[in-house]
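All you need for my numbering is the position in the sequence shown, starting with 1, plus 1. First the structure, in the form of structure tokens, and then the observations on it.
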Amino acid sequence: MKRRIFIGAVGAAAVTLALSGGALAQETVKIGLILPMTGPFASTGRQIEAAAKLYMQQQGDMVAGKKIQLIVKDDTGVADVTKRLAQELIVNDKITVMAGFGLTPLALASGPLATQGKVPAVVMAAATSTITEASPFIVRTSFTAAQATVPLADWAAKNGLKKVVTLVSDYGPGIDVEKSFTEVFTKAGGQVENLRVPLANPDFSPFLQKVADAKPDALLAFVPSGVGAQFMKQFVERGLDKSGIRLLAEGSVTDDDLLNNIGDVALGAISTHHYSVAHDSPENKTFVEAFKKASGGTRPNFMAVGGYDGMHLIYEGLKKTNGQGGQALIDAMKGMSWTSPRGPVSIDPQTRDIIQNIYVRKVERVNGELYNVEFATIPNVKDPVKAAKAN
2 MKRRIFIGAV GAAAVTLALS GGALAQETVK IGLILPMTGP FASTGRQIEA
52 AAKLYMQQQG DMVAGKKIQL IVKDDTGVAD VTKRLAQELI VNDKITVMAG
102 FGLTPLALAS GPLATQGKVP AVVMAAATST ITEASPFIVR TSFTAAQATV
152 PLADWAAKNG LKKVVTLVSD YGPGIDVEKS FTEVFTKAGG QVENLRVPLA
202 NPDFSPFLQK VADAKPDALL AFVPSGVGAQ FMKQFVERGL DKSGIRLLAE
252 GSVTDDDLLN NIGDVALGAI STHHYSVAHD SPENKTFVEA FKKASGGTRP
302 NFMAVGGYDG MHLIYEGLKK TNGQGGQALI DAMKGMSWTS PRGPVSIDPQ
352 TRDIIQNIYV RKVERVNGEL YNVEFATIPN VKDPVKAAKA N
């Protein structure tokens, strides 16, 4: 009798152990993807969501023995909504990682929550330099506006431009573009006049009239992805495309996703950025083909590559920590390097910002479509704002 009770107890314990072991093996790692899926910046959300889902489709939904679950939330591009969603995801859904963040105010809204909850936040889009300083748990796979702009200021100075007007959206990345360009270009002997446009409901017409009146050699423009088509339309309506004023742009303006809709007015525009759908590498050709197939023919843009690489960083970090989140995961991400569709990239272990090539591009027509065709490469560019602080 005693022997039967003992065997029964051992059997029950074994079953309990097997069940708990199975539960542990199947434990879910939840990724909260917070994006503007509606409103003026919805193209950003659509691109990042499509890229994140493509990465999961290619790599599977199991990492380190744990199931990956993607929870997509629409913050409509409003910072208060981002904050509320981040809080709900951390408290109610018990997420391991936050990701997305289409604009700077949205990323900054979630910074204190990332710190409080010790939840890594992967910024896949927002581009103000200070974002990673808002929390030790923020890491970025997109770019910084200054990182993309300093090479453009160098190019402008070396190509004989003397007088430039900058026209930027009046928020973090726009101000970074304005300051970075002005500092580098004036140091090289150039002259700059600065104009700022409201971020919400921008009307570019009166500002473009000021540009026309100033008669500069070039206009440097920065507006967020999704507003570029409206800017270019008003650029033409004011006749600036025929005025002899060269158009320079931080690459968000000539967004690959919207470039064909912008049309011939964009031809000849010089920009600097970290990604073009026309980037000539085997990794990018594979990525573009897979993205188009998965999204009904839509081109990936720089937001998509930020989302795709963000998922890669999360997956590889989880492999290193055996599925653990928190401080261990953010530490695992620091210093990581890989070959992205955009080229070689790494995460700066000091700043948690991405180090990457910046390309000088010109809008050209290729096989009937418009592309940002790269013609020069500046390798391994760090965020210049943080690099200046370090020196």
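The C-beta atom is built at its ideal place from N, Cα and C for all residues, glycine as well.
- When secondary structure is reduced to three states using DSSP, Ile356 falls in the strand class.
- Put simply, the backbone Cα of Thr340 is about 13 Å away from that of Gly311.
- By the neighbour-count definition (other C-beta atoms within 10 Å, threshold 16), Ala391 is an exposed residue.
- Here Asp218 is near Lys164, since their CB atoms are less than 7 Å apart.
- As summarised for the segment 93 to 161, the continuous alpha helix (DSSP H) elements at least 4 residues long and confined to that stretch are 105 to 118, 146 to 159, given in chain order.
- For Gln192, the uninterrupted beta strand (DSSP E) run begins and ends at 192 to 198, by DSSP.
- DSSP places Pro207 in the helix class (H, G or I) of the three-state scheme.
- Inclusion of Ala108 and Val124 in the CB contact set at 7 Å is warranted, their separation being smaller than that value.
- Here the C-alpha atom of Gly191 lies approximately 26 Å from the C-alpha atom of Val266.
- Residue burial is scored here from C-beta neighbours: Pro283 has fewer than 16 other C-beta atoms within 10 angstroms and is therefore classed as exposed.
- The C-beta separation of Val382 from Ile348 comes to about 14 Å, leaving the pair out of contact by the 8 Å criterion.
- Less than 7 Å separates the beta-carbon of Thr129 from that of Pro174.
- DSSP places Ala219 in the uninterrupted beta strand (DSSP E) bounded by 219 to 223.
- The beta-carbon separation of Ser181 and Thr142, rounded to 20 Å, does not stay under the 8 Å limit for a contact.
- Fully enclosed alpha helix (DSSP H) runs of no fewer than 4 residues occupy 229 to 238, 260 to 263 of the segment 215 to 266, in order along the chain.
- With a contact defined as Cβ atoms closer than 8 Å, Ser111 and Ala126 miss out at about 13 Å.
- The beta carbon of Thr39 is closer than 7 Å to those of Asp75, Thr77 in its chain, skipping five residues each way along the sequence.
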